[in-house]
Amino acid sequence: MAQDGHKEHPKYMNIFWWLLALTIIEVAVAIPDYATLLKGILLIGLACSKAILVANYFMHLKFERKTLAVIVITPFLICVLLVFALMPDLTSDTRHEGIEKPAEVADTSAH
Amino acid sequence: MEHATTLDHTEDVYEPSLTPDSMGKLGMWIFLVGDTMSFGALLAAYAALRAGAGVVGWVPPSEILGINLTAFMTFLLICSSVTMVKALESIQNGNVSRMCTFLGLTIAGGVIFLGLQAYEWTHLINHGLTLTGIPDHGLSGAAISGSTLFGPTFYAITGFHGMHVTGGVIYLIVILIHGLRGRYTAEFNHEVEIVGLYWHFVDLIWIMVFTFIYLL
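Chains C and H supply the protein sequences, listed in that same order.
All residue numbers for the first sequence refer to the working numbering, where the first residue is 1 and numbers rise by one.
All residue numbers for the second sequence refer to the working numbering, where the first residue is 1001 and numbers rise by one.
Printed below as a string of structure tokens:
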């Protein structure tokens, strides 16, 4: 496995230029002062493409056994699940209800 | 003929067994997978707190943080990743001195990154971004109360990453010392590859931190 992976070196400088270009595009997308869903999706998409480039070529994931890729992808999927699992607790409606309730309890106990 | 096709088939199904070299790599990969969860949890907490504060309750990070400096820091880490792969490539071709030069450049990249981060933190602290407060830009009360969570999450995430860079620099120095003493050859170099995995992971995490904390 190791020998197979090492024989053909990916062209690292090409990957470097891609990463540099994607970083410049990212900053260009981020600088204009607007907050939209499109901006978020673009930035996350660009960041993920850069991460995939680093993992695939610099970390040689592309040239490793496939089982390793499965191991590596797992935590990223769990992280995405984690974000969605946290969201319902912190949407503004439930948050304000949570803040108000203890205040009422404190009032009744004072009387 | 029939025998040959059976052999081909088994090669497709079974992956080659682990060697001592690839066991070390697998160990590092599993550590990195766990580390991904640590960073994932921190970033998810940041996202949830920000979503909870709403649009008016959170100051856009670009008003507090400087993007130019951190964009340069991102560039620096990408460069140090390139020097790292060049170091590995050199030793796989049996060129020890070239490997040591590239390892030295990688370490320099990490040290400059840490210096710039220390400079950035000092600057931010002097401007009022602390664990309990944010710089006053004439914000409304709601924005200030929600955004006080920006400081702690910002310092926790960038600090945790900075610790990883510090650890990586120390790790690289150890490998460089081994390299200078002639431990690595064209045949024996998996330790260089393993330190490379760690270093690229630190770069990969910074790409994510840069996007989620500074740009979004």
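C-beta atoms are modelled at their ideal positions from N, C-alpha and C, and glycine is treated no differently.
Problem - Nonlocal neighbours in the same chain, by C-beta distance under 7 angstroms from H:His1127, ignoring five residues either side - result: On the second sequence, residue 1127 of chain H is found 127 positions in, with the first residue counted as 1. Pro1135.
Problem - Touch test, the region 1173 to 1186 of chain H against the region 1145 to 1165 of chain H, Cβ-Cβ under 8 angstroms, three pairs minimum - result: no
Handout entry: Rounded straight-line distance, which links the Cα of H:Ser1081 to that of H:Phe1039
Key = One-based indexing of the second sequence puts residue 1039 of chain H at position 39. One-based indexing of the second sequence puts residue 1081 of chain H at position 81. Approximately 20 angstroms, taken between the alpha carbons.
Exercise for the section: Check whether the Cβ of C:Ile44 lies closer than 8 angstroms to any Cβ atom in chain H. Expected result: For the purposes of this step, residue 44 of chain C is taken as the residue at position 44 of the first sequence. Closer than 8 angstroms: yes.
Practice task
Using a Cβ-Cβ cut-off of 8 angstroms, state whether C:Ile78 counts as contacting chain H.
Solution key: As a first step, residue 78 of chain C is located in the first sequence; it is residue number 78 there, counting from the start. So, interface residue.
Handout entry: Beta carbon proximity, H:Trp1121 to chain C, threshold 8 angstroms
Key = In the second sequence, the residue the question calls residue 1121 of chain H occupies position 121. Output row for H:Trp1121: interface = no.
Problem - Presumed contact (8 angstroms Cβ cut-off) between H:Trp1199 and H:Thr1106, rounded CB distance - result: Position 199 of the second sequence holds residue 1199 of chain H. Position 106 of the second sequence holds residue 1106 of chain H. With a Cβ gap of about 7 angstroms, H:Trp1199 and H:Thr1106 count as contacting.
Handout entry: Contact set for H:Ala1087: own chain, Cβ-Cβ below 6 angstroms, skip 5 residues either direction
Key = Here residue 1087 of chain H refers to the residue found at position 87 when the second sequence is read from its first residue. Excluding positions up to five away in sequence, the list reads Met1099, Phe1102, Leu1103.
Handout entry: the region 1107 to 1115 of chain H touching the region 24 to 41 of chain C, judged by at least three CB pairs closer than 8 angstroms
Key = no
Practice task
Kindly indicate which residue of H:Ala1186, H:Leu1215, H:Val1202, H:Asn1068 has the alpha-carbon position closest to the one of H:Gly1094.
Solution key: Sequence index remark: in the second sequence, residue 1094 of chain H carries index 94 (1-based). Nearest option by C-alpha distance: H:Ala1186.
Problem - Limits of the unbroken alpha helix (DSSP H) element including H:Ala1087 - result: By 1-based counting over the second sequence, the position of residue 1087 of chain H is 87. H:Ala1087 -> alpha helix (DSSP H) spans 1067 to 1092.
Handout entry: Any C-beta of chain H under 8 angstroms from that of C:Val70
Key = Here residue 70 of chain C refers to the residue found at position 70 when the first sequence is read from its first residue. Output row for C:Val70: interface = no.
Handout entry: Cβ of H:Gly1217 within 8 angstroms of any chain C Cβ
Key = Absent from the model: residue 1217 of chain H. The displayed extent of chain H is 1001 to 1216, so no value can be given.
Handout entry: Proximity test, Cβ basis, 8 angstroms: H:Ser1081 and chain C
Key = For the purposes of this step, residue 1081 of chain H is taken as residue 81 along the second sequence, with counting starting at 1. Cβ-Cβ to chain C under 8 angstroms: yes for H:Ser1081.
Handout entry: Cβ of C:Lys62 within 8 angstroms of any chain H Cβ
Key = Stepping through the first sequence from its first residue, residue 62 of chain C is reached at position 62. No, C:Lys62 does not count as interfacial toward chain H.
Practice task
Rounded to whole angstroms, what's the CA-CA distance from H:Leu1131 to H:Thr1211? Just pull it up for me.
Solution key: Here residue 1131 of chain H corresponds to residue number 131 of the second sequence, with the count starting at 1. Here residue 1211 of chain H corresponds to residue number 211 of the second sequence, with the count starting at 1. Cα-Cα distance, rounded: 21 angstroms.
Handout entry: Against chain C: residues of the region 1067 to 1079 of chain H by CB proximity under 7 angstroms
Key = Ile1067, Ala1071, Thr1074, Phe1075, Ile1078
Exercise for the section: Establish whether the CB of H:His1200 and some CB of chain C are separated by less than 8 angstroms. Expected result: For the purposes of this step, residue 1200 of chain H is taken as the residue at position 200 of the second sequence. Cβ-Cβ to chain C under 8 angstroms: yes for H:His1200.
Handout entry: C:Leu19: contacting residues in chain H (beta-carbon distance under 7 angstroms)
Key = Numbered from 1 along the first sequence, position 19 holds the residue referred to as residue 19 of chain C. Simply Ile1078.
Practice task
Whole angstroms is fine: what's the gap from H:Ile1205's alpha carbon to H:Ser1017's?
Solution key: Sequence index remark: in the second sequence, residue 1205 of chain H carries index 205 (1-based). Sequence index remark: in the second sequence, residue 1017 of chain H carries index 17 (1-based). Taking the straight line joining both Cα atoms gives about 30 angstroms.
Practice task
Return the chain-ordered list of same chain residues with a C-beta closer than 8 angstroms to the C-beta of H:Cys1079, the five sequence neighbours on each side being excluded.
Solution key: As a working mapping, residue 1079 of chain H is identified with position 79 in the second sequence. These residues qualify, in order along the chain: Gly1109.
Problem - For C:Ile31, the three-state DSSP class (helix, strand or coil) - result: To locate residue 31 of chain C, count along the first sequence from 1; it is residue 31. C:Ile31 falls in the coil class under three-state DSSP.
Exercise for the section: Could you tell me whether the Cβ of H:Ala1108 comes closer than 8 angstroms to any Cβ of chain C? Expected result: Taking the second sequence and counting its residues from 1, the one referred to as residue 1108 of chain H is at position 108. Not one chain C Cβ lies under 8 angstroms of H:Ala1108.
Handout entry: C:Phe63 - DSSP class collapsed to helix/strand/coil
Key = Numbered from its first residue, the first sequence carries residue 63 of chain C at position 63. In this structure, C:Phe63 counts as helix in the three-state DSSP scheme.
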